[in-house]
Structures are given as structure tokens and as C-alpha cells.
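Trainee:
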Amino acid sequence: MKSFKVTEFNGPLTEVDMTTPQPTGSQVLLKVKAAGVCHSDLHIWEGGYELGHGRKPLSLKDRGVTLPLTMGHETVGEVVAVGPDVKGVSVGDVRLVYPWLGCGKCETCLAGDENMCIVKTNSIGIFCDGGYADHITVPHPRYLLDLRGLDPVTAAPYACSGVTTYSAIKKVEAFIDRPIVIFGAGGLGLMALTLLKAMGGKGAIMVDIDATKRAAAEKAGALATVDGGAADALQQIMTKAGGPIRGAIDLVGNSATAQLGFDCLAKGGKLVMVGLFGGGAPWALPLIPMKAITIQGSYVGSLHETQELIDLVREKNIAPIPVTKVPLTKVDDALNDLKKGKLVGRAVLVP
Numbered sequence: 000m001k002s003f004k005v006t007e008f009n010g011p012l013t014e015v016d017m018t019t020p021q022p023t024g025s026q027v028l029l030k031v032k033a034a035g036v037c038h039s040d041l042h043i044w045e046g047g048y049e050l051g052h053g054r055k056p057l058s059l060k061d062r063g064v065t066l067p068l069t070m071g072h073e074t075v076g077e078v079v080a081v082g083p084d085v086k087g088v089s090v091g092d093v094r095l096v097y098p099w100l101g102c103g104k105c106e107t108c109l110a111g112d113e114n115m116c117i118v119k120t121n122s123i124g125i126f127c128d129g130g131y132a133d134h135i136t137v138p139h140p141r142y143l144l145d146l147r148g149l150d151p152v153t154a155a156p157y158a159c160s161g162v163t164t165y166s167a168i169k170k171v172e173a174f175i176d177r178p179i180v181i182f183g184a185g186g187l188g189l190m191a192l193t194l195l196k197a198m199g200g201k202g203a204i205m206v207d208i209d210a211t212k213r214a215a216a217e218k219a220g221a222l223a224t225v226d227g228g229a230a231d232a233l234q235q236i237m238t239k240a241g242g243p244i245r246g247a248i249d250l251v252g253n254s255a256t257a258q259l260g261f262d263c264l265a266k267g268g269k270l271v272m273v274g275l276f277g278g279g280a281p282w283a284l285p286l287i288p289m290k291a292i293t294i295q296g297s298y299v300g301s302l303h304e305t306q307e308l309i310d311l312v313r314e315k316n317i318a319p320i321p322v323t324k325v326p327l328t329k330v331d332d333a334l335n336d337l338k339k340g341k342l343v344g345r346a347v348l349v350p
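Taking numbering that gives the first Met the number 0, I'd label the letters of the sequence shown as residues 0 to 350.
Dropping the structure here:
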């Protein structure tokens, strides 16, 4: 099998040829049909996150990420072999890989929230090899979701950008009868906009500093867009909302977007932080209780939420976000284009 591995942070990925593993026990081997390129992959590739306030960056090594590593946590594959203990999937099945694995044994994991495991994180493409390859091994068939006819290329992003935004929207679901402010109109932002409407929301005001991405959001049906870098961005957001803003989702996660997200909210509002661009919290602490603001982090989503999402996509016949198909051998180009902000929607690698 062929894979492309991070062998040094910030360096070109290394093409590696190795013997295709044969599954044992409950393992399932899939031939990769599509693998999304996520902004989180940039952080892994670069080796860390900025924490702001003069603090030392959060190193991926400190989080337990070891090299060499095959990235890729948005993967669709065709089952080509199964271990002797596998039930529920068969050779030839096309499945979406749920990547957010925990220890599988603790109270949190047994409750169905492996993405929140506090014992040992085993996320595919981050702590073990992922989909930037022509084959991938998954430890158990329960992590394989039946796509039943959905296009593998456009469905691959549901494993991260899809379930991440779906879970974030659920956290502001009490407010979706009025405009939600969403910061970031890239792949996650367009996914959030699409899902918000499918979930019965009034719609979103999309905030982004990139005019091309704002145009894509307008085309996708945003209620309004705002240049987040404009001097009067806050006033524009509040004016275009046409009333008190109760819910905001920050898919960027830097100091500027976090500040705008907080400032635009009315009393009793909720800011959901999703993005990992980095920086320090900018809020004036007395204003948090004075405005009675809730600030909640949201990290990807559970296996159950991912199944809910796939069911919603089928039920509502949700149109996919724009994707750019990229040959697996051009993975470095895809990462660099993402880093430079050249992509609209999602790049998806195809072996």
C-alpha cells in the first residue's frame, strides 16, 4: 500500500510504500475512495497551536502525536477485508470512517462520547494512521457508517466538518429561530450554513475577511455577509441581524473572531467556540457575568451525532458543499493551497 506521511513538522509529506496489512480480530481494512483535507491537518503538519498571551505554543508532541504519521480523518473507503471477529459489514461495502476514537472502555466512551474520552485519545489520522493513503485499517466495524448511495467524495467531509458543525449548531439550537452569526466561511462555514437551514434555522450571517469566501456564502444562501476585517464589522453584524443576537459560532478561533463573537451577543446569548487558529481569550472578564453570556467549546462530535447527520443528509436531500478533487499524489499542493486560503469549500484527496 501507499501512504503519505508527516515525517517532520512543516516538511513535505513523504511517500511510503509498505505491505498492505491484513486485518485481525475486529479490524476492518478499507480501500480509500476519498479523504478530506481539514484545517486541523495544517495544525498537525505545522506541529502545534498558538495559545496567545505570550504562552508557549501547544506542541502536538506534548499532546501525544508521534511521527511518522499518516494524516486524514475525513475518510470514505470500500471494505476489502475483515478480521475473523467482524460482524455487520461485508467486503464491497462503502463506509464513512468515524475517526474520533477514545479508549473505548471508560465511562465517557461507554456512554457514546468517545470524542470526549479523558483516558486515551486514539483519533484516526491524528494519533494513529489515517486516510492520506490508498488503504486504511479501522479497529472495529462500529466506526463505519453506511453511506447507502451518497457520493464518497462529497460525503468524506461529514466525518469532521460535517459532524463538527452539526454538533455546534445543536448547542445553539434554542436560538435558531433568529439569525445565527457564524465566523468563518470556508469549508466548515459553508457546511454549517447548509446544515443550519436543513435543521430548520432561520439562517446565518456569515463573517469572513476573504471576499471570495463571502461570495461563496452568499451563493449558498447566507442571510448576509460581513467583512470581519472592516472597522465597523461589529455594527454591520448587529444591523444585519435586525434584532438581538442570541447565538454565535466561531469556526475560526482567533482573538479577533472571539472578540467579535462575544461583542455581538445580546444579554443571555451563547458563543460556541470551534476553530483552532489560536491566540488568547480577549474578553473583559466582568462582562461575562454582566451580559450573562455562555461561552462553550465544541470539539467534533459523537458517533451518534455523526449517524444523525448522515440520516439528516438523506432525509433532507442536503446538497454537498463545494469540493475540489485532488490526486493523492498532490497532497502537498492541497495543504499549501489550504494554508494560503486558496480553497473554497473542501479539498478531497482521491487515490
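Just so you know, even glycine gets a beta-carbon here, dropped at the ideal spot from N, CA and C. As the structure is a computational prediction, the values presented were derived from the model and not from experiment.
Let me know the secondary structure DSSP gives Gly-76 once reduced to three states.
Mentor: strand
Trainee: In or out: Lys-269 buried (at least 16 other Cβ within 10 Å) or exposed?
Mentor: By the 10 Å Cβ count, Lys-269 comes out buried.
Trainee: Over what stretch of residues does the alpha helix (DSSP H) that includes Pro-67 continue unbroken?
Mentor: Where Pro-67 is concerned, there is no enclosing alpha helix (DSSP H), given that its DSSP letter is neither H nor E.
Trainee: Is Ile-248 closer than 8 Å to Ala-167 when the C-beta atoms are compared?
Mentor: yes
Trainee: Could you tell me the boundaries of the beta strand (DSSP E) in which Thr-13 lies?
Mentor: 13-16
Trainee: Exposed or buried, which one is His-52 when buried takes at least 16 other CB atoms within 10 Å?
Mentor: exposed
Trainee: Nearest by alpha-carbon distance to Thr-19: which of Ala-283, Val-322, Thr-136, Val-225 is it?
Mentor: Thr-136
Trainee: Measuring straight from C-alpha to C-alpha, what distance separates Lys-212 and Gln-234?
Mentor: 20 Å
Trainee: Which residue or residues does DSSP assign as beta-bridge partners of Arg-94?
Mentor: Gly-76, Asp-145
Trainee: With a floor of 3 residues, list each beta strand (DSSP E) that falls wholly inside the stretch 217-293, ordered by position along the chain.
Mentor: 223-226, 246-249, 269-272
Trainee: If you compare alpha carbons, which of Pro-22, Ala-34, Phe-8, Asn-9 is closest to Ser-2?
Mentor: The shortest C-alpha separation from Ser-2 is found at Ala-34.
Trainee: Would you list the one or two residues that DSSP bridges to Val-31?
Mentor: Gly-76
Trainee: Answer with buried or exposed for Asn-253, where buried requires no fewer than 16 other C-beta atoms within 10 angstroms of its C-beta.
Mentor: buried
Trainee: Please work out which residues of its chain come closer than 6 Å, Cβ to Cβ, to Gly-24, disregarding the five sequence neighbours upstream and downstream, and give them in chain order.
Mentor: Gly-82, Asp-84
Trainee: Excluding the five sequence neighbours on either side, which residues of its own chain have a C-beta within less than 7 Å of the C-beta of His-139, listed in chain order?
Mentor: Ser-25
Trainee: Note the first and the last residue of the continuous alpha helix (DSSP H) segment covering His-303.
Mentor: 302-315
Trainee: Are the CB atoms of Ile-309 and Leu-195 within a distance shorter than 8 Å?
Mentor: No.
Trainee: Candidates Ala-240, Gly-227, Leu-264, Lys-239: which alpha carbon is nearest Thr-256's?
Mentor: Gly-227
Trainee: Return the chain-ordered list of same chain residues with a C-beta closer than 6 Å to the C-beta of Pro-281, the five sequence neighbours on each side being excluded.
Mentor: Ser-254, Ala-257, Gln-258
Trainee: Which value, in whole angstroms, describes the spacing of the CA atoms of Thr-224 and Gly-188?
Mentor: 12 Å
Trainee: Any idea which residues DSSP pairs Asp-207 with across the strands?
Mentor: Asp-226
Trainee: Which residues does DSSP pair with Arg-177 in a beta bridge?
Mentor: For Arg-177, which the question treats as bridged, DSSP gives no partner whatsoever.
Trainee: Can you find the residues in the same chain that come closer than 6 Å, C-beta to C-beta, to Gly-87, ignoring five residues on each side of it along the sequence?
Mentor: Pro-140
Trainee: Would you report the Cα separation of Cys-105 and Cys-116, rounded to the nearest angstrom?
Mentor: 7 Å
Trainee: Start and end of the beta strand (DSSP E) containing Ile-135?
Mentor: Looking at the DSSP string, the run of the beta strand (DSSP E) that includes Ile-135 is 134-137.
Trainee: Are the CB atoms of Ser-89 and Val-79 within a distance shorter than 8 Å?
Mentor: No, they are not a contact pair.
Trainee: Could you check what DSSP says for Val-81 in three-state terms: helix, strand or coil?
Mentor: strand
Trainee: Can you tell me whether DSSP reads Ser-25 as helix, strand or coil?
Mentor: coil
Trainee: Thinking C-alpha only, which one of Gly-279, Ser-297, Met-198 is nearest Arg-54?
Mentor: The candidate whose alpha carbon is nearest that of Arg-54 is Gly-279.
Trainee: Taking Cβ to Cβ, would you say Ala-203 is nearer than 8 Å to Leu-222?
Mentor: yes
Trainee: Measuring CB atoms only, is the stretch 108-127 touching the stretch 325-344, in the sense that at least three cross pairs come out at less than 8 Å?
Mentor: Contact fails: fewer than three Cβ-Cβ distances are below 8 Å.
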